[in-house]
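Numbering (my numbering), first residue to last: -16 to 100. Each residue gets a CB set at the ideal place from its N, CA and C atoms; glycine is no exception. Here's the structure, in structure tokens; my notes come after.
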Amino acid sequence: MSLLQTLLLALGLSVAGNAALGWAWVGAREKAATTVVERDSARSAASACSDATEDLRDLADKRGAEAKKAQAAARNAATGRQQAAHTILSTPPAVPGDACASARVRVDTWLKGRAQP
């Protein structure tokens, strides 16, 4: 083999090696770019999820406050109704010995109370 053939062979191997390295570099660059895009997409999704979670927490706090107000109002209404029930149950029958007549008197009294403004 002559010196020229050896140099051409070395040059050919060098070109082939550089082509292989270039091809590998292009593949790695594309993979890195894809990874960056995926990372940015994941960050965006995580940020949106975090924002939505904060919005849900705010809504839950607001509904919790509204529920406490409604519970307090229901508790107050229940107290009034319990007092009325206690009064009704502790009142002796209007017609002793006749539950039906006593019930009629009680209902008539109740209806008169509702008819008044």
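Length at least 4, wholly inside the stretch 33 to 97: the alpha helix (DSSP H) runs in chain order: none
Can you tell which of Val20, Arg89, Ala11 has the C-alpha that lies nearest to the C-alpha of Ala77? Arg89
Quick one: what does DSSP say Ser27 is sitting in, helix, strand or coil? helix
By DSSP, does Ser(-15) sit in helix, in strand, or in coil? coil
Flag this pair as yes or no: are the beta carbons of Ser73 and Pro79 separated by less than 9 Å? no
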